[in-house]
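To start, the structure under review is shown below, and the notes come after it.
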Amino acid sequence: MLKKAFLVGINAYRDSPLRGCVNDVEAMKELLTSLYGFEEDNIRLITDKEATTKGIVEGLGWLAQGGDEKAVRVFHYAGHGHFAPDENEDEPDGSDEAVVAYDYKSAGYLIDDKLKALYQRFPANSNLTLIMDCCHSGTNNRGPEELDIYYRFIPNTYAERKAIAAARRKFHEAQRQFVMSEVKGFAKTRGRDEEFEQRIEAAMKKFEKQRFGEVRMREGNILLAACQSDQQAADAKISGAYRGAFTFYLVKFLREANGKITYRDLIEKVGKALDAHKFAQVPQLECAAGRDRAQALAFF
320 MLKKAFLVGI NAYRDSPLRG CVNDVEAMKE LLTSLYGFEE DNIRLITDKE
370 ATTKGIVEGL GWLAQGGDEK AVRVFHYAGH GHFAPDENED EPDGSDEAVV
420 AYDYKSAGYL IDDKLKALYQ RFPANSNLTL IMDCCHSGTN NRGPEELDIY
470 YRFIPNTYAE RKAIAAARRK FHEAQRQFVM SEVKGFAKTR GRDEEFEQRI
520 EAAMKKFEKQ RFGEVRMREG NILLAACQSD QQAADAKISG AYRGAFTFYL
570 VKFLREANGK ITYRDLIEKV GKALDAHKFA QVPQLECAAG RDRAQALAFF
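The sequence shown: position 294 = 613 (our numbering), numbered continuously.
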């Protein structure tokens with residue numbers, strides 16, 4: 320079975336450098352090769368100046384190539400995140416989540432709509448695992464002094480905040496009009512109450528926020544995210560070295576369990592460890608129904 324991984328870690332942002340991202344992807348590479356049998360030739364790792372928007376797009380294209388739907392593919396991103404104003408009115412909060420490439424000031428942000436288009440190049444029903452150690456909210460990039468923490472987030476400008484607010488208003492107006500049309504359509508048919516509830520539920524789901532390019536669009540896909548969309552992901556000194564707190568504990572518990580742990584238990588352990596060490600972030604698992612009970616990375 321083909322196993323491929325694309326790993327991106329960026330410390331060297333010009334105005335807001337981080338310190339643990341390169342360590343994160345190097346630790347992930349070592350985990351994949353030593354515990355899960357990935358071959359070095361099937362792992363592409365880029366850091367800092369290599370991790371441009373073009374480099375990330377090309378890397379995801381490489382990750383999608385070869386093998387069939389049974390092939391295992393992993394994308395691990397460690398770096399800054401950002402909220403960009405939503406341009407196509409498909410986000411309830413008026414913003415698109417974005418990853419921040421090394422050259423974001425000239426090339427722009429890699430928003431989730433673009434990521435979704437890139438994921439669609441992957442074989443149908445492929446096993447694609449996204450591990451995203453970044454965040455998209457916060458008022459500053461520095462945590463408490465005594466914890467030596469920075470946060471993986473590029474703050475929004477005033478103009479961006481205004482654009483996000485305007486996009487949010489447009490989204491909710493579109494949502495209201497769509498749901499009202501469903502209600503009126505049901506009233507004309509005089510259907511059953513159960514049918515009415517189903518139609519309204521389907522209408523509301525149409526407007527749910529999707530994270531990191533709608534990773535759940537295929538049943539085999541898994542998203543492991545460092546925090547909730549309104550929280551911050553920590554970049555901190557842990558056990559003498561700078562690391563992303565989420566990636567550090569994810570790797571730690573996978574190793575301790577020798578890979579024999581369910582997704583649900585893995586995220587629970589990571590969350591408890593983050594809380595115990597005063598990291599104010601709740602890690603997230605998004606997957607198809609029932610997949611949380613599967614053995615974590617078992618298809619590796």
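Backbone N, C-alpha and C define an ideal beta-carbon position, used for all residues, glycine too.
Given the structure is predicted, the values throughout are model-derived calculations rather than measurements.
- Secondary structure of N446 (DSSP, three-state): strand.
- In the displayed model, G400 falls within a strand according to three-state DSSP.
- Secondary structure of A324 (DSSP, three-state): strand.
- Within the DSSP secondary-structure output, R562 pairs in a beta bridge with A555.
- Taking the Cα of A426 as reference, the smallest distance to any Cα among V391, A383, G374 is reached at G374.
- Contact between A607 and Y582 fails: their C-beta atoms lie close to 11 Å from each other, not under 8 Å.
- A residue is called buried when at least 16 other Cβ atoms come within 10 angstroms of its Cβ; M320 does not meet this threshold and is exposed.
- Ranked by Cα distance from E369, the options A383, G356, G328 are led by G328.
- Rounded to whole angstroms, the separation of the alpha carbons of I541 and S335 is 30 Å.
- Look at C454 here: in three-state DSSP terms it is coil, with no helix or strand label.
- A direct Cα-to-Cα measurement between D584 and I365 gives close to 30 Å.
- Within the DSSP bridge table, the entry for C606 names I541 as partners.
- CA-to-CA, the gap between D367 and R440 works out to about 25 Å.
- Residue state for Q614 is assigned as strand, using DSSP reduced to three classes.
- With a cutoff of 8 Å on beta-carbon distance, K323 and A390 are scored as near each other.
- An exposed status is given to A436, since fewer than 16 other beta-carbon atoms sit within 10 Å of its beta-carbon.
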